[in-house]
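Chains as they are written, first to last, in this note's numbering: chain H, 254 to 364; chain L, -18 to 92.
All C-beta atoms in this analysis are idealised placements derived from N, C-alpha and C, irrespective of residue type, glycine included.
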Amino acid sequence: DAGITQSPRHKVTETGTPVTLRCHQTENHRYMYWYRQDPGHGLRLIHYSYGVKDTDKGEVSDGYSVSRSKTEDFLLTLESATSSQTSVYFCATRGGNTEAFFGQGTRLTVV
Amino acid sequence: DAKTTQPPSMDCAEGRAANLPCNHSTISGNEYVYWYRQIHSQGPQYIIHGLKNNETNEMASLIITEDRKSSTLILPHATLRDTAVYYCIVNSGGSNYKLTFGKGTLLTVNP
């Protein structure tokens, strides 16, 4: 399996607080992705990156921002967490025209 | 990316072949068909991909119709551990790095 580490794995936070999730990879993959998964919705793309400092929005990007200052790290930030952002978040990486590798997920609860 | 259509759920008896269909009638000539699966609460896992020819690996076989408008993922001898949501994705890779998932097919393997 590709070396993908998501941190934290679980987090409970209060409404209105900022939250940052980290995805770290050791594969030197160019492309990185953040997804959220909720019951009945499957995996929905939040943001993705196609290189250092190159990012773009996915289908559910409102309320989220990302940053990629190094190849190995892709950060997802909730500027002001809301209960609707309670979800399981998955990071993925991809080297090119190849398969994607996923992290184990971060379970975020906003109370 | 071309859209895909999959049945929401399927059942299969343990030890029998599981045949999961996917319709991708708007696929372009340079788009690959990828299959992933997600076992409950885990990150999705790559299974197989193909362009035009049928493909086989240690996990599964992928049959793509001649017109490339549909494909079938075959698990030759399904086990209880194959119970998962299976996603069919069409993507051209390379410069088209955006990776979106549908809702997939929940395959339940019954004893």
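Residue 72 of chain L, buried or exposed, once every other Cβ within 10 Å from all chains shown has been counted against 16: Along the second sequence, one-based indexing puts residue 72 of chain L at 91. Flag for residue 72 of chain L reads buried.
Per-residue burial, residue 62 of chain L [other beta carbons within 10 Å of its own, 16 or more giving buried]: Here residue 62 of chain L corresponds to residue number 81 of the second sequence, with the count starting at 1. The residue is exposed, with fewer than 16 neighbouring Cβ atoms inside 10 Å.
Pair within 9 angstroms by beta-carbon distance, residue 30 of chain L and residue 16 of chain L: The residue given as residue 30 of chain L occupies position 49 in the second sequence. The residue given as residue 16 of chain L occupies position 35 in the second sequence. The answer is yes: Cβ separation under 9 angstroms.
Neighbouring residues, chain H, relative to residue 89 of chain L (Cβ below 8 angstroms): Along the second sequence, one-based indexing puts residue 89 of chain L at 108. None at all; the shortest Cβ gap to chain H is about 17 angstroms.
CB contact flag (residue 44 of chain L, residue 38 of chain L, <9 angstroms): Position 63 of the second sequence, counted from the first residue, corresponds to residue 44 of chain L. Position 57 of the second sequence, counted from the first residue, corresponds to residue 38 of chain L. No, the Cβ-Cβ distance between residue 44 of chain L and residue 38 of chain L is not below 9 angstroms.
Any C-beta of chain H under 9 angstroms from that of residue 80 of chain L: As a first step, residue 80 of chain L must be located in the second sequence, where it is residue number 99. Yes, residue 80 of chain L lies at the interface with chain H (some Cβ there is under 9 angstroms from its Cβ).
Where residue -4 of chain L falls, given that 16 or more other Cβ within 10 Å makes a residue buried: Counting from 1 along the second sequence, the entry for residue -4 of chain L is found at position 15. Result: exposed.
Contacts that residue 84 of chain L makes with chain H (C-beta to C-beta distance below 7 angstroms): Mapped onto the second sequence, residue 84 of chain L falls at position 103. Residues of chain H passing the Cβ test: 295.
Cβ of residue 343 of chain H within 9 angstroms of any chain L Cβ: Looking up residue 343 of chain H in the first sequence gives position 90. Judged by the 9 angstroms Cβ criterion, residue 343 of chain H is in contact with chain L.
Cα-Cα separation, residue 272 of chain H to residue 54 of chain L: Walking along the first sequence from the start, residue 272 of chain H turns up at place 19. Walking along the second sequence from the start, residue 54 of chain L turns up at place 73. Each residue's Cα considered, the two are about 39 angstroms apart.
Nearest-angstrom Cβ-Cβ length linking residue 356 of chain H and residue 283 of chain H, presumed shorter than 8 angstroms: Here residue 356 of chain H corresponds to residue number 103 of the first sequence, with the count starting at 1. Here residue 283 of chain H corresponds to residue number 30 of the first sequence, with the count starting at 1. Incorrect: roughly 17 angstroms between the Cβ atoms, too far for contact.
C-beta neighbour in chain L for residue 283 of chain H, strict 9 angstroms: Numbered from 1 along the first sequence, position 30 holds the residue referred to as residue 283 of chain H. Yes - at least one Cβ of chain L is within 9 angstroms of the one on residue 283 of chain H.
Heavy atom of the ligand SAM within 8 angstroms of residue 266 of chain H beta-carbon: Ligands displayed in this structure: none; no statement on the ligand SAM is therefore possible.
is_contact[residue 2 of chain L, chain H] using C-beta, thresh 9 angstroms: Translated into positions along the second sequence, residue 2 of chain L becomes position 21. Residue 2 of chain L does not count as touching chain H.
Min CB distance residue 24 of chain L to chain H below 9 angstroms: Translated into the one-based positions of the second sequence, residue 24 of chain L becomes position 43. Output row for residue 24 of chain L: interface = yes.
Own chain partners of residue 275 of chain H with C-beta closer than 6 angstroms, once the 5 adjacent residues on each side are dropped: Looking up residue 275 of chain H in the first sequence gives position 22. Counting only Cβ-Cβ distances below 6 angstroms, and skipping sequence neighbours, we find 260 and 328.
Selection of the stretch 28 to 40 of chain L by Cβ proximity to chain H, strictly under 7 angstroms: 30
Inter-residue CB distance, residue 345 of chain H and residue 288 of chain H (contact presumed, cutoff 8 angstroms): Position 92 of the first sequence, counted from the first residue, corresponds to residue 345 of chain H. Position 35 of the first sequence, counted from the first residue, corresponds to residue 288 of chain H. Sure, about 7 angstroms apart at Cβ, within 8 angstroms.
Neighbour-count burial assignment, residue 312 of chain H, 16 or more Cβ in a 10 Å radius: Taking the first residue of the first sequence as position 1, residue 312 of chain H is located at position 59. Counting Cβ neighbours within 10 Å, residue 312 of chain H comes out exposed, since fewer than 16 surround it.
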